[in-house]
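The structure under discussion appears below in the form of structure tokens.
Residue numbers (my numbering): 1 to 290.
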């Protein structure tokens, strides 16, 4: 495959790379919108559950959840229906991911939400980042690293330097991050492989159509159109009976002598002129030339 190396998924051909992302973004918009609606639903659902758990910071949690995270994701959905924003898709999809991560971690600072809830929220965001929203792997990786920094800051702010708890929490978080990143890498690689295979099939179809057109042209030059059509659909022996036929034989007088006395190009033009006149006569009288 025309990739730069095993870890760099980009095609060496810049035009091929651009064509891939245009097609990829066009075919995955519905997937991104579904993921975005699901994200809004999860924020709302966990918000209802959080109200039953937290004892302080209700207003701050509502502002983060219903005033920032959910409207931010909704804005991305709305923008996805405007073609002029297609080129900015990686930016505002990444913005939605980072806002979701920031809100999930900020909740630890402004509420007494249990830390386990933040672990779950961060793992969900990582999974969405690498797979469901179909981001470019390199951009998704940058998002994940930024999210990891947010997660560490929020965790240390809540539990301090409790190395046992930090080790326990980070083992789960970075395991999920590694698995999700691997899945995202393989998913993009699969997208690219399918793209190349589709292009190859398109090229083969175009070549087959070109060869068929050439074959049809040759058949029509030596056979009547009706016979050529029958030959294409049924390549068996074709024989028709006609009770009355007329056959015209034409000979060019002293053709051998003339052909040796003139240039080849002039001879070909001369023959082409003669055959063109015969074709005109055939067409005028509705006759077939074989």
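C-beta: ideal position from N, C-alpha, C; glycine also. Quick caveat: nothing in here was measured; it's all calculated off a predicted structure.
For residue 127, the enclosing alpha helix (DSSP H) stretches over residues 115-127.
Of all C-beta pairs linking the segment 174-185 to the segment 130-142, three or more are shorter than 8 Å, placing the two stretches in contact. Rounded to the nearest whole angstrom, the CA to CA distance from residue 282 to residue 248 is 11 Å. Counting of Cβ neighbours within 10 angstroms places residue 20 among the buried residues, the total reaching 16 or more. Residue 102 sits close to residue 150, with the two beta carbons spaced by under 7 Å. For the 7 Å CB-CB criterion, residue 112 and residue 59 do not form a contact.
Restricted to the segment 130-186, the alpha helix (DSSP H) segments that are unbroken, complete and at least 4 residues in length are 137-159, listed in chain order. With three or more CB-CB distances shorter than 8 Å, the segment 114-127 counts as touching the segment 159-176. Taking a 10 Å sphere around the C-beta of residue 73, we find 16 or more other C-beta atoms and assign the residue as buried.
Residue 252 places its beta carbon 7 Å or farther from that of residue 259. The segment 204-237 is shown to contain whole alpha helix (DSSP H) runs of 4 or more residues at 225-233, in chain order.
In this model, residue 34 and residue 52 are separated by some 28 Å (Cα to Cα).
The residues 68, 69, 72, 73, in chain order, have a CB closer than 8 Å to that of residue 99 in the same chain once the five nearest residues on each side in sequence are set aside. Residue 255 sits in a helix when the DSSP states are folded into three classes.
With a cutoff of 7 Å on beta-carbon distance, residue 79 and residue 66 are scored as not near each other.
Residue 284 sits exposed, since fewer than 16 C-beta atoms from the chains shown fall within 10 Å of its C-beta. Excluding the 5 residues flanking it on each side, residue 143 has same chain C-beta neighbours closer than 7 Å at 94, 97, 98, 129, in chain order.
DSSP places residue 106 in the uninterrupted alpha helix (DSSP H) bounded by 89-110. Looking at 187, 190, 155, 188, the one whose alpha-carbon comes closest to that of residue 173 is 155.
Within the same chain, Cβ atoms closer than 6 Å to the Cβ of residue 40 are found at 70, 73, the five residues on either side in sequence being excluded.
Secondary structure of residue 27 (DSSP, three-state): helix. Nearest neighbour of residue 153 by Cα position, chosen from 105, 125, 121, turns out to be 105. Remark: C-beta atoms of residue 179 and residue 123 do not approach each other more closely than 7 Å. Nearest to residue 250 by alpha-carbon distance, out of 278, 223, 230, is 278. About 4 Å separates the Cβ atoms of residue 228 and residue 219, confirming a contact at the 8 Å cut-off. Spatial neighbours of residue 136 in its own chain (CB-CB distance under 8 Å, excluding positions within 5 residues in sequence) are listed in chain order as 21, 90, 188.
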